[in-house]
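Sequential numbering from 3 applies to the sequence shown in our numbering.
Only one structure is covered here, and it is reproduced in the block below.
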Amino acid sequence: MAIPKAKWIWFNGEFVPWDEAKVHVLSHALHYGSSVFEGIRAYHTAQGTAVLGLEAHVNRLFNSCKIISMPLPFKRREISAAILETVRKNGHEACYVRPLAFRGYEALGVNPTACPVEVIIATWEWGAYLGPEALEEGVDVGVSSWRRIAPNTLPAMSKAGGNYVNSQLVIMEARRHGYAEGVVLDVNGYVSEGSGENIFVIMDGTIYTPPIGNSILLGITRGYAMTLAAEMGYPVVEQQISREQLYIADEIFFSGTAAEITPVKSVDGQPVGTGVRGPITKALQDRFFGILKGEQEDTYGWLTPMNN
Ligand code: PPE
């Protein structure tokens, strides 16, 4: 699906019209994957438009850059302000926000240090990531034949463009096999995550999710799901998960900014539990979306309203 165009893209501190936000073909990032990005959502709440997890996402952007030694030419508060300004200027009620930092055009050759670091912020309206029915009905997934990037090869904790070649292989294989998404195992064969989501596995009322050591991206939605689960009294355990646990789990769900909280209804053709969205997943979704619609109290201060 083509991205629905918005009016403006923030480009190195200035707003340029969507169709004019261009780079040179010899930009370093195009050749070597030297970029870092974020994905943020703004929601239409009862109190107006509000950005979810602004500070957490901006902090992760800076951490991702630090990990790959890509110094950003802006301060955190400048990026945060620019995100709010881009959402406002494009007049969205709700949208997805894509900040991207990349090594631009100057020198070529693997060493990026001579290339300028450029930053853009784009916004567009993006519906349910894994399809319109996915949030209620759940999705069919398959375990990927690709492994997640191994420790000390590429830095999984950095949301770096180059890492997403691995994710692309995973999602393309999954779609070829008729699945909505792939589940990737880490280099040791333990469950890591989806191509663009973290994963949770529920067994006997306990909620398990892989720890950082299993090569995951430290998802911000993952943190929200853990907080809400604890609030609702479910034990939450960060622990290595074996492949076969996926086949005998009562419930499985994905978390991510784009995917939000999406139930998984089958793995490798085996139904998860009874093959429909489970009760704990639904309870977490209800609380999560209740906050994001402004219908329930934003107890943890996750939302930044635009109208103040
Ligand atoms: N793991 C990966 C590999 C990942 O890309 C994401 C986000 C997550 C976990 C969940 O992280 P968080 O959004 O902080 O809860 N994936 C982003 C990109 C999706 C895309 O197709 O592009 C997203 O959800 O915005």
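By construction, the Cβ of each residue, glycine as well, lies at the ideal position given by its N, Cα and C atoms.
Remember, predicted model here, so these are calculated numbers, not experimental data.
- Judged by DSSP in its simplified three-state form, Asp288 adopts helix.
- About 3 Å separates the beta carbons of Gly296 and Thr47, which is inside the 8 Å limit, making them a contact pair.
- Its chain contains Val143, Val172, Glu183, Gly184, Val185, Val186, Phe256, Gly258, Ala261 as the residues whose beta carbon lies nearer than 8 Å to that of Gly196, once the 5 sequence neighbours on both sides are disregarded; these appear in chain order.
- Put simply, the region 233-251 touches the region 207-214. At least three CB pairs are less than 8 Å apart.
- Between Thr125 and the set Gln241, Leu102, Thr301, the nearest pair of CA atoms involves Leu102.
- Under the criterion of beta carbons closer than 8 Å, Ser160 and Ile70 qualify as touching, at roughly 5 Å.
- Contact annotation: the region 21-29 does not touch the region 269-285, with fewer than three C-beta pairs closer than 8 Å.
- The DSSP-derived three-state label of Ile69 is helix.
- Judged by DSSP secondary structure, Lys91 falls within the alpha helix (DSSP H) whose first and last residues are 78-91.
- Pairing Gly93 with Pro265 gives a Cβ-Cβ distance that is not under 8 Å.
- Taking the CA atoms as reference points, Tyr45 sits about 18 Å from Gly225.
- Apart from the 5 residues on each side of it in sequence, Arg79 has no Cβ closer than 7 Å to any other Cβ in its chain.
- At least one heavy atom of the ligand PPE falls within 7 Å of the beta-carbon of Ala261.
- Boundaries of the alpha helix (DSSP H) around His33: 30-34.
- DSSP assignment within the region 177-265 yields the following whole alpha helix (DSSP H) runs of 4 residues or more, N-terminal first: 222-233, 245-250.
- For Ala136, there is no enclosing beta strand (DSSP E); the residue is part of the alpha helix (DSSP H) that begins and ends at 136-139.
- Within the same chain, Cβ atoms closer than 6 Å to the Cβ of Met228 are found at Val238, the five residues on either side in sequence being excluded.
- Inter-segment contact for the region 151-168 and the region 80-90 is absent: fewer than three beta-carbon pairs are separated by less than 8 Å.
- Put simply, of Gly35, Ala23, Pro6, Ile5 the residue whose alpha carbon is nearest the alpha carbon of Phe13 is Ala23.
- Residue pairing from DSSP places Gly50 in a beta bridge opposite Thr47.
- Here Gln272 is bridged, per DSSP, to Val269.
- Contact between Ile201 and Ala251 is absent: CB atoms are separated by about 10 Å, not below the 8 Å threshold.
- The beta-carbon separation of Thr306 and Leu63, rounded to 15 Å, does not stay under the 8 Å limit for a contact.
- DSSP places Tyr98 inside the beta strand (DSSP E), whose first and last residues are 97-105.
- If you draw a 10 Å sphere on the C-beta of Ala232, you find fewer than 16 other C-beta atoms in it, and that means exposed.
- Distances between the C-beta of Ile204 and the heavy atoms of the ligand PPE are all 7 Å or more.
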